[in-house]
Amino acid sequence: MTAAQLLVVGTPIGNLGDLSPRAQQVLGEVGLIACEDTRRTGSLLAKMGIDNPGMVVVNEHTETRAVEAVIAALMVGKSVALVSDAGMPAISDPGARIVAAAASAGHEVVAVPGPTAVSSAIALSGFTATRWGFEGFLPRKGSDRSRHLALLAEETRMLVFYEAPHRIERTLEDLAGVLGRSRRCIVARELTKMHESVWRGLLGDAAVAASEPRGEYVIVVDQGEPPPPATDDDLAKAVASAQARGLSTRDAASEVATAFGVGRRRVYELANSSDR
Ligand code: SAM
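Numbering (the working numbering), first residue to last: 894 to 1169.
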């Protein structure tokens, strides 16, 4: 008999046909399901003709208590499925603490992969970048949001954002402000559902994609231009400013070389020649 496992199960992000045969089998065999919302998961089980083995609710308020129930089930040999309302658990959804606790208690944790909005939107984007950053939901307001947006200004990787309909327009405007109006993007809405649509264009024009905000959205922003290579003048100024903070020439050169991603020797030689 295989030991009890925690199975991290992907569920549909819209189209029920996307529940994999393996996910159906797992949900029908486990001794407990850890889910975000019992009504939502109960309805999925009912539609699939799967008996409810018992559920424990995992959300930001209950996750600590749910950990205990999940570990207790695993200890007595019951396998547990972890699901969220839609997509992969722990992707902008609860579940990470359950996974971490089960793994650190020595239980086997396995993936039963399923749909997720992030990878679906990237695949639909047509952008060829091989590196990307998943941003999920931006902080909603205040200084958290402005600080986070300011950090993004330096990002040249492809970026993926989740957004709710009532904030999509504002978020597209803010992203155009920090990442540039000419950066390519897609706005993918209601993936796998009846009103699925993908708007393609530039961030500066993307507000039209939010003209009738309804449903669930993913924004994918293409990679940006890398910053121009540092000139000797840029490096010399940065060294002078580090020295003005009290750093030795050697330490200043080392700090600047790391910050600009250039060779330490080049910066050190520049620093020495300007000291003369
Ligand atoms: N765990 C999910 C996943 O794997 O994608 C994400 C859950 S998060 C709470 C919900 C957000 O995911 C939505 O606000 C939206 O940004 C995105 N999303 C989920 N389903 C989607 C869909 N069918 N079409 C577009 N975006 C979707």
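Backbone N, C-alpha and C define an ideal beta-carbon position, used for all residues, glycine too.
Checklist entry - Are three or more beta carbon pairs between the region 1109 to 1120 and the region 915 to 929 nearer than 8 Å? => result With a cut-off of 8 Å, the region 915 to 929 and the region 1109 to 1120 do not count as touching, because too few Cβ pairs lie within range.
Next on the checklist: Does the beta-carbon of Pro982, which I'm using as the reference point, lie nearer than 8 Å to any heavy atom of the ligand SAM?
Outcome noted: Checking the Cβ of Pro982 against the ligand SAM gives yes.
Checklist entry - Straight-line CA distance for Pro1032 to Asp1126? => result 37 Å
Checklist entry - CB of Val1011 to nearest heavy atom of the ligand SAM: below 8 Å? => result yes
Checklist entry - Roughly how many whole angstroms lie between the Cα atoms of Ser985 and Leu967? => result 25 Å
Checklist entry - When DSSP labels each residue in this structure, what does Gly1097 get in the three-state scheme? => result In this structure, Gly1097 counts as helix in the three-state DSSP scheme.
Item to check | Buried versus exposed, by CB contacts within 10 Å (16 or more), Leu909 | outcome: exposed
Item to check | Val1111: CB within 8 Å of a non-hydrogen atom of the ligand SAM | outcome: yes
Item to check | DSSP state of Leu1163 mapped onto helix, strand, coil | outcome: helix
Next on the checklist: Under 8 Å, with one C-beta from each stretch per pair, do the region 976 to 996 and the region 896 to 903 reach the 3-pair mark?
Outcome noted: yes
Checklist entry - Where does Gln1116 sit, in a helix, a strand or coil, going by DSSP? => result coil
Item to check | Nearest residue (CA-CA) to Arg1063, options Ala1146, Pro1106, Thr1085 and Trp1092 | outcome: Pro1106
Item to check | Where Val923 falls: helix, strand or coil (DSSP) | outcome: coil
Next on the checklist: Quick check on Leu1052: buried or exposed, where buried means 16 or more other Cβ atoms within 10 Å of its Cβ?
Outcome noted: buried
Item to check | Assigned secondary structure, Thr904 (DSSP; H/G/I helix, E/B strand, else coil) | outcome: In the three-state reduction of the DSSP assignment, Thr904 falls in the strand class.
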